[in-house]
Amino acid sequence: MHERTRSGQIRLESIRLIFGLLLLAMVTSGCVANPVPDEPAPGSGQPTAASTLESNTLETSDAITAAVTATADLPATDSQTPPPQAEAEADWLSMPIVPTVSPRMKDVFERGQKSGRDAARFSKIGDCQNITTYFLAMYDSGNYRLGDQYAYLQPTIDHFKGSWWRQSLSVKGGMNVAAVLSPIWANPDKCLPKETPLACELRVYNPAFAVISLEESWSGSIEHYDMYLREIVEYVLAQDIVPILATRAETETQERQINPTVARIAHDYQVPLWNFGAAARALPNNGIRPDGFHITEGQSYFDDEAMLKTGWTQRNLTALQAIDAVYRGLTQEP
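Each residue of the sequence shown is one higher than the last, beginning at 371 in our numbering.
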């Protein structure tokens, strides 16, 4: 009897290992960037802003990750979470690019301060669109120009020193809304057993804010994307951390559009929405290169009109504006 039980445990562990390796092999093939300087040079490869994975790949990884996620130890979510508005599609293009903060987020922030969250730190949660090679790191390295128009953002850059460049434990090429909830994707050197990348990052870095930008194209059902993103938002809120959700650059004819879902979730939970997708719509070709996948290259020189017409320049500018607006909205007197 003992040997039979032990044999069954070995088979179970073997199945989990095979599933984990399969998930890793399938998903990481879709959103990986080569190491280059912290600002993309013209002509260099860029991470994707649209679909990069075959539909059957993420359909399979979706099912595998859902099974694995059930083993994670997640705390109870916020009991005040409103029910999803399933019938109402948010008009995300009409929403502001730079968010405001709701009274609910002020309560979350205040609870976080009482529990010791660091108001000078934010975490990044996402895929290859959030790696330091391209995203936000220039604000720590100094390779940016605000110009007169955006000089007001410098105090926020100074305040969050270190967070811009930091390599998050919940950012990785190929990461999607399911993977960030799977212990298989966690860093074994930094994370606890069965800890998810999301839980690990928030525990290790102890931020007051979390930028959630999971743009990896979702070839599973939108219903599953909605379910996983809500689980992420609820977990972040349960930690007394203010989430900032992000839309992505999408074309009007793109087959699978996630921006309406992201905007609806931001509305349902009264969390800030960094509406980069709306900013990208005003750019040539929606800020997307002719290949239909990558956003257009540009340095973070905000005094350069030509640069301001590129996808990456707008992404880094509007992200900074969103973080600034949320921080000021929560810490300054009305």
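Think of the CB as a built atom: it goes at the ideal place given N, C-alpha and C, for glycine as much as any other residue.
Residue i vs residue j beta-carbon contact at 8 Å
i	j	result
A650	I614	no
E620	G647	yes
K560	L539	yes
A578	D673	no
Y595	T631	yes
I495	G543	no
N656	W462	no
W535	D518	no
V696	V471	yes
A616	I582	yes
F530	A569	no
For residue i, the first and last residue of its enclosing beta strand (DSSP E)
i	result
F492	488-496
F579	577-583
Residue environment, residue i, which counts as buried when at least 16 other CB atoms sit within 10 Å
i	result
S670	buried
P654	exposed
S464	exposed
Q609	buried
S493	buried
G532	exposed
P660	exposed
S485	exposed
T441	Confidence at T441 is low in this model, with a pLDDT of 31, below 50, so its placement is unreliable and the value that follows should be read with caution. Exposed, because fewer than 16 other Cβ atoms sit within 10 Å of the Cβ of T441.
T683	buried
P469	buried
T688	buried
G512	exposed
I467	buried
T503	buried
Q499	buried
P642	buried
Q702	exposed
E622	exposed
A537	The displayed chain sequence assigns Gln, not Ala, to residue 537. It counts as exposed.
L556	Inspection of the sequence shows that residue 556 is occupied by Ala rather than by Leu. It is buried - the Cβ of A556 has at least 16 other Cβ atoms within 10 Å.
I658	buried
E625	exposed
I628	buried
E593	exposed
S591	exposed
A548	buried
Unbroken alpha helix (DSSP H) run spanning residue i, endpoints
i	result
G469	Note on residue identity: the sequence assigns Pro, not Gly, to residue 469. Careful: P469 lies outside any alpha helix (DSSP H) and carries neither H nor E.
A633	629-639
I527	524-529
V606	592-608
F646	646-651
W682	681-701
CB-CB length for residue i against residue j, believed under 8 Å
i	j	result
A508	N686	According to the sequence displayed, residue 508 carries Met and not Ala. The pair is a contact, with the Cβ atoms about 7 Å apart (cut-off 8 Å).
V550	T526	At roughly 26 Å, the Cβ-Cβ gap does not stay under 8 Å, so V550 and T526 are not in contact.
D497	L584	6 Å
I554	V603	So it is not a contact: roughly 21 Å between Cβ atoms.
G482	I611	6 Å
E575	L607	Sequence inspection shows Tyr at residue 575; the Glu mentioned does not correspond to that position. No, Y575 and L607 are not in contact; Cβ-Cβ is about 17 Å, not under 8 Å.
Q523	D694	Sequence inspection shows Leu at residue 523; the Gln mentioned does not correspond to that position. About 5 Å separates the two Cβ atoms, so the contact holds.
Bridge-paired residues (DSSP) for residue i
i	result
I614	V581
R515	Y671
L643	L615
V541	G496
I658	I665
is_contact[residue i, chain C] using C-beta, thresh 8 Å
i	result
I611	In the structure shown, chain C cannot be found, because there is only a single protein chain.
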